[in-house]
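Colleague:
In the UniProt record's numbering, the protein residues as written are 1 to 124.
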């Protein structure tokens, strides 16, 4: 998970998507987008490889990188657990926001102007 904490490495994983790409193609894309050098991109790819996020395969003189879907499945499971813990709180917040909007609409005057503070106090 630490390997995906860096925005450059997350971008590399996004660029890999569902297909293998060479280190050169990845380095060129990241250099254009983020201004990183090829050696810097290689270091990021090594971190991803060492963490088991990507696999690398030699093809002649090229190195082809591919995302290990198992690694992303672990990230997805972790994110689902985190979101699951927060979901009741987020649902409660959404309910309160909706109530506030309904109350604001109810306090709108007949001509459509927003209610004043005095109108709100009177309505209470």
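All C-beta atoms in this analysis are idealised placements derived from N, C-alpha and C, irrespective of residue type, glycine included.
1. Considering only the beta carbon of each residue, do residue 45 and residue 65 sit closer than 8 Å?
2. Select from 27, 72, 52, 50 the residue whose C-alpha is nearest the C-alpha of residue 41.
3. Curious, which full-length alpha helix (DSSP H) runs of at least 4 residues does the segment 53-121 contain?
4. Is residue 20 helix, strand or coil by DSSP?
5. Whose C-beta lies closer than 6 Å to the C-beta of residue 2 among residues of the same chain, with five residues either side of it excluded?
6. Please list, in chain order, all residues of the same chain as residue 106 whose beta carbon is under 7 Å from its beta carbon, the five residues on each side excluded.
7. Tell me where the alpha helix (DSSP H) around residue 50 begins and ends.
8. Among residues of its own chain, excluding the 5 on either side of residue 29, which ones have a beta-carbon nearer than 7 Å to its beta-carbon?
9. Counting Cβ pairs closer than 8 Å, one from the segment 47-67 and one from the segment 86-102, do we hit at least three?
10. Please work out which residues of its chain come closer than 6 Å, Cβ to Cβ, to residue 4, disregarding the five sequence neighbours upstream and downstream, and give them in chain order.
Modeller: In brief:
1. The Cβ-Cβ distance between residue 45 and residue 65 falls below 8 Å.
2. The residue with the shortest Cα to Cα distance from residue 41 is 27.
3. Taking only runs of at least 4 residues, the alpha helix (DSSP H) segments lying wholly in the segment 53-121 are 69-106.
4. In the structure shown, residue 20 sits in coil (DSSP, three-state: anything other than H, G, I, E or B).
5. Same-chain partners within the cutoff: there are none.
6. The answer is none, since no qualifying residue turns up.
7. Segment 38-50, the alpha helix (DSSP H) holding residue 50.
8. 15, listed in sequence order.
9. No contact exists between the segment 47-67 and the segment 86-102.
10. Sequence-distant Cβ neighbours of residue 4 in its own chain, meaning closer than 6 Å and more than five residues away, are 10.
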